[in-house]
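Residue numbers (this note's numbering), protein chains in the order written: chain S, 1 to 202; chain H, 203 to 404; chain L, 405 to 606; chain V, 607 to 808.
Idealized CB from N, CA, C, for every residue including glycine.
This report refers to the structure that appears directly beneath it.
Number of protein chains: 4
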Amino acid sequence: MPRLTPAAEQERRDRIINAALDCFAERGVHATTMQDICRRSGLSPGAVYCWFPGKETIIEAVARQRHQHERELLDTALHAADSRTALHAFFDAYFDWLADPAEQHRRRVSVLVWAESLVDDRLRSIVGDGIAQRTLALDAIRSGQAAGTVTRHADADAITRLALALIQGFILQQAWEPEVDIEGYRRALDLVIDALTPRQAD
Amino acid sequence: MPRLTPAAEQERRDRIINAALDCFAERGVHATTMQDICRRSGLSPGAVYCWFPGKETIIEAVARQRHQHERELLDTALHAADSRTALHAFFDAYFDWLADPAEQHRRRVSVLVWAESLVDDRLRSIVGDGIAQRTLALDAIRSGQAAGTVTRHADADAITRLALALIQGFILQQAWEPEVDIEGYRRALDLVIDALTPRQAD
Amino acid sequence: MPRLTPAAEQERRDRIINAALDCFAERGVHATTMQDICRRSGLSPGAVYCWFPGKETIIEAVARQRHQHERELLDTALHAADSRTALHAFFDAYFDWLADPAEQHRRRVSVLVWAESLVDDRLRSIVGDGIAQRTLALDAIRSGQAAGTVTRHADADAITRLALALIQGFILQQAWEPEVDIEGYRRALDLVIDALTPRQAD
Amino acid sequence: MPRLTPAAEQERRDRIINAALDCFAERGVHATTMQDICRRSGLSPGAVYCWFPGKETIIEAVARQRHQHERELLDTALHAADSRTALHAFFDAYFDWLADPAEQHRRRVSVLVWAESLVDDRLRSIVGDGIAQRTLALDAIRSGQAAGTVTRHADADAITRLALALIQGFILQQAWEPEVDIEGYRRALDLVIDALTPRQAD
DNA sequence: GATGAATGAGACTTCATTCAT
DNA sequence: AATGAATGAAGTCTCATTCAT
């Protein structure tokens, strides 16, 4: 029983997480059995339980993986010079990602996780961490408001919520209708962003 | 025990649906057992199965009930004279409803149903019917665009999607954080609506 | 709540028995629910339980009804003058009955009852009563042997069993294959009867 | 716990089939619960469901096992040189088997299966396969008729049916009365066989 | 580290029977 | 006598998890 290298360990874990992700995307979290995950990952139940203590933990790992890219996008965007640019850059990067066909099927799982998180405390804190990144944007919005590049007619908190809603709502609609016209949505989105980031003080 | 009146039948069904709704809101759809629903409704398993052929059907009935009020709100709003008024009226009515504390707990179930609908065909068509009402608003938006009361810088379809996203995204955030500042969000929302419905032709 | 006349009572009971018989013939005894019997008889569960204390009792009544005609056939046959005539008469009458298309579907229930009787004591005694009529024929066979009209090369008991087997086996085969050639079987049967009832002492 | 050898697999299956057979013989097919089969086989429900997808399939396996020996007896008998010898050999072998006390209790299950097959399509085809072996004997009977070793006064088909009835009828009677005099029955049977297989052309 | 047969609690559902009306 | 909604014990089966090999 030779101990696996860390890289090999990670490979096992990723294999399981991706198998679970695919299964979840196809039949949902609850309809997916551990056997499904075993079959899809090519591992035996015993092997899977070597790397995860239970189904719950696998779901959590999947949830974490789902939020990882969103975090990176936000991080990047927040480094922009001014708020207006940041907002545009963030939405641009985010919707480029949403337009990626390879990710669309798997992103259904994000919605499943949102729902699950309403009912599962551990998952709630994971999803909460992701959502909490909204607060990272708060300062940027506030300084934008101070500098006059973001409207002062609305609360910074509300603005971030609204921005988040525009993303989450779209993700939901895209999950229901994968063929949704993303470019049209982006154009409408630009109007909103422009309204929130006036060229001249309003 | 002579035949129940149609009203009494409906009362039974509603009792079951509401019991299920409460259970779902508390522990989620899958963690809720038929026994839970029986206990909460005060009926025996046999009695529940008198009125619903199975758990699946109860979930569907709950889903349908969830969409009912939204439909009514939209219906009402669409009778407004012009697009701008309609849009404002619709959001006003909708967010009045979202502000109702009595409904907030149960509305978590809407999110659960959204997720479930990605994975369950029958539910998908029920949710789809609800979402499809967005298309009812399309004509109103289009005539608004013709009349110059709605911006022509974005596609009518995209505008309705965006409006829907602003609601769905908020529902999601409210489900996660019941104490979210709804009034602040409404004010930010007004900016968006104003941007979409210019006072003078743009 | 006027008490029914005895005739009306019997009508109710027969209605239930026949409904049960039809259901049993179609789906078997166990797959038939009391609801099935209610539907088919046009009575409510309460009404059925007025006339029978339970499903068990209905099955027993059906079993009794099944054996009634056989008993009559045997009774008649046993009144014949001599054994050889009696045997021929009995088989003739019995197979005339078996040839009646109206009875064939319902006779499947006889086989179901045979099986059930192996496992249900009350039913066993009912079926046993029917089978025991075989012993009524024993004396006739014995006196036939004494008179030289029935072979002495076999035990009277065995002869009655064999005769019974020829009927029961056919009933079974007819239940499986309703289109079985009954006339051919009767001709072969004649050979057997002839062998058992020699024209001259053997 | 590495993969079971095919032999070990078969052992599991047989253990379950035999446990079911014993239970069926005691209380009937429907009164036997999966728990009964589990207890008797010494396996847990999960283990049983590893090897059979459901109760239905276990019943079918039991039915198949019941017909297996009959098939072998018939096969053997059909290899005899001439029809008369074959018929005698077949009945001899068959009734030797019927006389085996070890088998008598379990053979009650054959009757249960006959009944069930009237009402369950899958079972019908299994039992049908067993019964259909009667047709294998048809050719032997026909050539016997051509050679003058089997009576021409009856149809070959009817003769095989009659022979089958003599067995099935006895099985039924033995199921009801285990102490039935099998030797007496065999002597009476010899008379019948002699009648069907005349020493000189008739 | 890995295997996969086995475990067993518990889920959904059925259905013979009852009883208030 | 009859109705039919309601009861609830019991049945079949699933599936996350374990552990001997």
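Helix, strand or coil at Thr638(V) [DSSP, three-state]: Along the fourth sequence, one-based indexing puts residue 638(V) at 32. In this structure, Thr638(V) counts as coil in the three-state DSSP scheme.
Would you identify the three-state DSSP class for Glu581(L), choosing helix, strand or coil? Within the third sequence, numbered from 1, the residue matching residue 581(L) stands at position 177. In the structure shown, the three-state DSSP call for Glu581(L) is coil.
Return the residues of the segment 54–68 of chain S that lie within a Cβ-Cβ distance of less than 7 Å from chain H, sorted by chain order. Correct list: empty, as no residue qualifies.
Residues of chain L with a CB under 9 Å from the CB of Arg619(V): which are they? For this step, residue 619(V) is matched to residue 13 along the fourth sequence. Using a Cβ-Cβ cut-off of 9 Å, Arg619(V) is close to nothing in chain L; its nearest Cβ partner there is about 25 Å away.
Could you give the DSSP three-state label for Pro707(V): helix, strand or coil? The residue labelled residue 707(V) in the question sits at position 101 within the fourth sequence. Pro707(V) carries a helical assignment under DSSP once its states are collapsed to helix, strand and coil.
Give the interface partners of His30(S) over in chain H, defined as CB-CB distance under 7 Å, in chain order. Stepping through the first sequence from its first residue, residue 30(S) is reached at position 30. Result: His232.
Answer with yes or no whether the minimum CB distance from Leu593(L) to chain V is below 8 Å. Position 189 of the third sequence, counting from 1, holds the residue named residue 593(L). With its beta carbon less than 8 Å from one in chain V, Leu593(L) belongs to the interface.
So the candidates are Arg309(H), Gly332(H), Asp277(H) and Ala249(H); which of them puts its Cα closest to the Cα of Ala295(H)? To locate residue 295(H), count along the second sequence from 1; it is residue 93. Cα-wise, what sits closest to Ala295(H) is Asp277(H).
If the cut is a Cβ gap below 8 Å, which residues of chain V does Thr555(L) touch? Numbered from its first residue, the third sequence carries residue 555(L) at position 151. Under a criterion of Cβ atoms nearer than 8 Å, the residues of chain V adjacent to Thr555(L) are, in order, Leu797.
Please say whether Leu300(H) and Ile219(H) have beta carbons closer to each other than 8 Å? Against the second sequence, residue 219(H) aligns to sequence position 17. Against the second sequence, residue 300(H) aligns to sequence position 98. Between Ile219(H) and Leu300(H), the C-beta gap is not smaller than 8 Å, which leaves the two residues out of contact.
Interface residues of chain H around Tyr185(S) at Cβ under 8 Å? Along the first sequence, one-based indexing puts residue 185(S) at 185. Identification of chain H residues near Tyr185(S) by a Cβ-Cβ cut-off of 8 Å yields Ala360, Arg363 and Leu364, ordered along the chain.
Runs of alpha helix (DSSP H) lying entirely within the segment 668–734 of chain V, each at least 4 residues, in chain order: You should have 689–705 and 707–723.
Judging by CA-CA distance, which residue of Val635(V), Ser716(V), Pro659(V) and Ser650(V) is the nearest neighbour of Gln891(V)? No statement about residue 891(V) is possible, as the shown extent of chain V runs from 607 to 808 and does not include it.
Along the alpha helix (DSSP H) that carries Arg633(V), what are the first and last residues, could you check? On the fourth sequence, residue 633(V) is found 27 positions in, with the first residue counted as 1. Per DSSP, Arg633(V) belongs to the alpha helix (DSSP H) from Pro612 to Arg633.
Can the beta-carbon of Leu482(L) be found less than 8 Å from the beta-carbon of Ala541(L)? For the purposes of this step, residue 482(L) is taken as the residue at position 78 of the third sequence. For the purposes of this step, residue 541(L) is taken as the residue at position 137 of the third sequence. Contact flag set, yes.
Would Phe696(V) pass as an interface residue toward chain L - the criterion being a Cβ-Cβ separation below 8 Å? Stepping through the fourth sequence from its first residue, residue 696(V) is reached at position 90. No, Phe696(V) does not count as interfacial toward chain L.
In or out: Leu206(H) buried (at least 16 other Cβ within 10 Å) or exposed? The residue given as residue 206(H) occupies position 4 in the second sequence. Counting Cβ neighbours within 10 Å, Leu206(H) comes out exposed, since fewer than 16 surround it.
So that I know if they touch, is there some Cβ in chain V lying closer than 8 Å to that of Leu522(L)? Residue numbering aside, residue 522(L) sits at position 118 when the third sequence is read from its first letter. For Leu522(L), the answer is yes, since a Cβ of chain V falls inside 8 Å of its Cβ.
Length of the line joining the Cα atoms of Ile597(L) and Gln578(L): Your numbering for residue 597(L) matches position 193 in the third sequence. Your numbering for residue 578(L) matches position 174 in the third sequence. Answer to the nearest angstrom: the Cα atoms are 21 Å apart.
Show which residues of chain H have a CB atom less than 8 Å away from the CB atom of Phe95(S). Taking the first sequence and counting its residues from 1, one reaches residue 95(S) at position 95. None at all; the shortest Cβ gap to chain H is about 12 Å.
Backbone secondary structure at Pro602(L) - three-state DSSP: Within the third sequence, residue 602(L) is the residue found at index 198, counting from 1. DSSP, reduced to helix, strand and coil, places Pro602(L) outside both helices and strands of the structure shown, so it counts as coil.
Cβ distance (whole Å) where Thr757(V) is taken to contact Leu595(L) below 8 Å: Counted from its first residue, the fourth sequence places residue 757(V) at position 151. Counted from its first residue, the third sequence places residue 595(L) at position 191. Contact check for Thr757(V) and Leu595(L): beta-carbon distance about 6 Å, within the 8 Å limit, so the pair qualifies.
Residue range of the alpha helix (DSSP H) that includes Val250(H): As a position in the second sequence, residue 250(H) is number 48, starting the count at 1. From DSSP, the alpha helix (DSSP H) with Val250(H) extends over Pro247 to Trp253.
State the start and end residues of the unbroken alpha helix (DSSP H) segment that holds Ala356(H). Your numbering for residue 356(H) matches position 154 in the second sequence. Element bounds for Ala356(H): n/a, residue is neither H nor E.
Where Ala188(S) sits in the DSSP three-state scheme: In the first sequence, the residue the question calls residue 188(S) occupies position 188. Ala188(S) falls in the helix class under three-state DSSP.
Nearest-angstrom Cα separation, counted from Ala19(S) out to Thr32(S): Here residue 32(S) refers to the residue found at position 32 when the first sequence is read from its first residue. Here residue 19(S) refers to the residue found at position 19 when the first sequence is read from its first residue. C-alpha of Thr32(S) to C-alpha of Ala19(S): approximately 11 Å in a straight line.
Start-to-end residues for the alpha helix (DSSP H) that takes in Arg546(L): Position 142 of the third sequence, counting from 1, holds the residue named residue 546(L). Gln537 to Ala551 is the span of the alpha helix (DSSP H), which, as asked, contains Arg546(L).
Please classify Arg767(V): does DSSP put it in a helix, a strand, or coil? Here the question's residue 767(V) lines up with position 161 in the fourth sequence. In this structure, Arg767(V) counts as helix in the three-state DSSP scheme.
Checking contacts by CB at 8 Å: is Ala403(H) closer than that to chain S? If you number the second sequence from 1, residue 403(H) lands on position 201. The predicted model places Ala403(H) with a pLDDT of 49, which falls under 50 and marks its position as unreliable; any figure quoted below should be read in that light. No, Ala403(H) does not count as interfacial toward chain S.
When the cut-off is 8 Å and only beta carbons count, does Gly148(S) lie next to chain H? Locating residue 148(S) in the first sequence gives position 148, where the first residue counts as 1. Taking a beta-carbon distance threshold of 8 Å, Gly148(S) does not count as an interface residue toward chain H.
Spatial neighbours of Ile736(V) within its chain, please: C-beta separation below 7 Å, excluding the five flanking residues on both sides. As a first step, residue 736(V) must be located in the fourth sequence, where it is residue number 130. Note that residue 736(V) is Gly in the sequence shown, not Ile. Taken in chain order, the residues that qualify are His673, Glu676 and Arg677.
DSSP state of Arg40(S) mapped onto helix, strand, coil: In the first sequence, residue 40(S) corresponds to position 40, counting from 1. Under the three-state reduction of DSSP, Arg40(S) is assigned to helix.
Just to confirm before moving on: does the CB-CB distance between Thr149(S) and Asp82(S) stay below 8 Å? As a working note, residue 149(S) is residue 149 in the first sequence. As a working note, residue 82(S) is residue 82 in the first sequence. Yes, they are a contact pair.
Would the beta-carbon of Arg712(V) fall within 8 Å of that of Leu795(V)? In the fourth sequence, counting from the first residue as 1, residue 712(V) sits at position 106. In the fourth sequence, counting from the first residue as 1, residue 795(V) sits at position 189. Cβ distance not < 8 Å, so Arg712(V) and Leu795(V) don't count as in contact.
Counting C-beta neighbours from all protein chains within 10 Å, is the total for Gln35(S) 16 or more, i.e. buried, or is it exposed? The residue given as residue 35(S) occupies position 35 in the first sequence. Burial call: exposed.
Nearest-angstrom Cα separation, counted from Ala631(V) out to Arg468(L): As a position in the third sequence, residue 468(L) is number 64, starting the count at 1. As a position in the fourth sequence, residue 631(V) is number 25, starting the count at 1. Roughly 24 Å between the two C-alpha positions.
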